[in-house]
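Asks:
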Amino acid sequence: LWRSAELAMIAGLGFPVIGAGWLVLDRLNIQPFDFSPLIVLLTAVHFHHAGFTLPLSAGYLGRVHPRDKILRVAALTIVLAVPLVAIGITWSPVVELIGAWLTAAAAIVVAIGLLGRVRVVPAVPALLFAISGACLMAGMVFAGSYSLSEFFGVPWPDILAMVDLHGVVNALGFGLLGAWAWHLSPLPEHHPDRVATDLKAES
Numbered sequence: 039l040w041r042s043a044e045l046a047m048i049a050g051l052g053f054p055v056i057g058a059g060w061l062v063l064d065r066l067n068i069q070p071f072d073f074s075p076l077i078v079l080l081t082a083v084h085f086h087h088a089g090f091t092l093p094l095s096a097g098y099l100g101r102v103h104p105r106d107k108i109l110r111v112a113a114l115t116i117v118l119a120v121p122l123v124a125i126g127i128t129w130s131p132v133v134e135l136i137g138a139w140l141t142a143a144a145a146i147v148v149a150i151g152l153l154g155r156v157r158v159v160p161a162v163p164a165l166l167f168a169i170s171g172a173c174l175m176a177g178m179v180f181a182g183s184y185s186l187s188e189f190f191g192v193p194w195p196d197i198l199a200m201v202d203l204h205g206v207v208n209a210l211g212f213g214l215l216g217a218w219a220w221h222l223s224p225l226p227e228h229h230p231d232r233v234a235t236d237l238k239a240e241s
């Protein structure tokens, strides 16, 4: 579990490969599994945001707070839940719902972690972290609402509203501003073996 931050960062660099494959399918107008063209495109987007910016943010927070068990669990949950959503969309509404809520719950933990950065960084990155964390939390509320209501056959917001509310807020508010915030407040020097030794000593 102590390496979950590193695992999240590796996953964040790997998931876009899957997203790129779906983007190629979209550009070639290919719809596997009888998905609509919109779902094919949104799957590509999903693996470039929930599959890229979210696990990277979780990994960065894990490096900043290597002894925070909740953040480590959240990072591992994101790695497992992001593909679980895609599997559920393809084969099982129940699995999709579980994956979506796991992702949303872990992302809210990340959002709280981003908001916590406000107290320890200079003014400009603090403002960016605050907006990024708030946008991620808002986006996850929309995601949780949509996944649950879709499961019961009355999706709210509908999928087009989700593109505007959930998608734009996450891409621009959380992803773009969050990346800028991390750029302005570089991570501390990281020594995985030292972290492992410290954690074992504590336990």
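Counting from 39, one number per residue, gives the positions in the sequence shown under our numbering. All C-beta atoms, glycine included, are put in the ideal place defined by N, C-alpha and C. Note that this is a predicted model, so its numbers are computed, not measured.
Report the three-state DSSP secondary structure of Trp129 (helix, strand or coil).
Replies: DSSP places Trp129 in helix when its eight states are reduced to three.
Asks: Check each candidate in Ala96, Val62, Ala49 and name the one with the smallest Cα separation from Arg155.
Replies: Per the Cα distances, Ala96.
Asks: How many angstroms separate the CA atom of Asp72 from the CA atom of Pro224?
Replies: Approximately 44 angstroms between the Cα atoms of the pair.
Asks: Could you have a look at Val78 and say whether DSSP puts it in helix, strand or coil?
Replies: Of the three classes helix, strand and coil, the one that applies to Val78 here is helix, per DSSP.
Asks: Can you tell me which of the three DSSP states Arg41 falls into?
Replies: Looking at Arg41 - three-state DSSP - the assignment turns out to be coil, as it is neither helix nor strand.
Asks: Classify Gly57: buried if its beta carbon has 16 or more other beta carbons within 10 angstroms, exposed otherwise.
Replies: Buried is the call here.
Asks: Could you please give the first and the last residue of the uninterrupted alpha helix (DSSP H) stretch that includes Phe167?
Replies: Unbroken alpha helix (DSSP H) run through Phe167: 161-189.
Asks: Assign Trp220 to one of three DSSP states: helix, strand, or coil.
Replies: Of the three classes helix, strand and coil, the one that applies to Trp220 here is helix, per DSSP.
Asks: Check the C-beta distance from Ala49 over to Pro93 and give it rounded, since I have them as a contact under 8 angstroms.
Replies: Right, the Cβ-Cβ distance comes to about 5 angstroms (below 8 angstroms), so this counts as a contact.
Asks: Can you tell me which of the three DSSP states His103 falls into?
Replies: In this structure, His103 counts as coil in the three-state DSSP scheme.
Asks: In three-state DSSP terms, what is Ile68?
Replies: Looking at Ile68 - three-state DSSP - the assignment turns out to be coil, as it is neither helix nor strand.
Asks: Which of the three DSSP states, helix, strand or coil, is assigned to Trp60?
Replies: DSSP places Trp60 in helix when its eight states are reduced to three.
Asks: Taking the C-alpha atoms as reference points, what is the distance between Ala145 and His221?
Replies: The alpha-carbon atoms of Ala145 and His221 are separated by roughly 20 angstroms.
Asks: Across the segment 177-197 and the segment 100-111, are there enough close Cβ pairs to call them in contact, namely three or more that are closer than 8 angstroms?
Replies: Touching, no, given that fewer than three Cβ pairs across the two stretches are closer than 8 angstroms.
Asks: Check whether the segment 170-182 touches the segment 196-213, taking contact to mean three or more Cβ pairs, one atom from each stretch, closer than 8 angstroms.
Replies: A contact exists between the segment 170-182 and the segment 196-213.
Asks: From Ile197 to Trp218, what distance separates their C-alpha atoms?
Replies: Approximately 28 angstroms, taken between the alpha carbons.
Asks: Could you have a look at Val158 and say whether DSSP puts it in helix, strand or coil?
Replies: Note: Val158 maps to coil in three-state DSSP.
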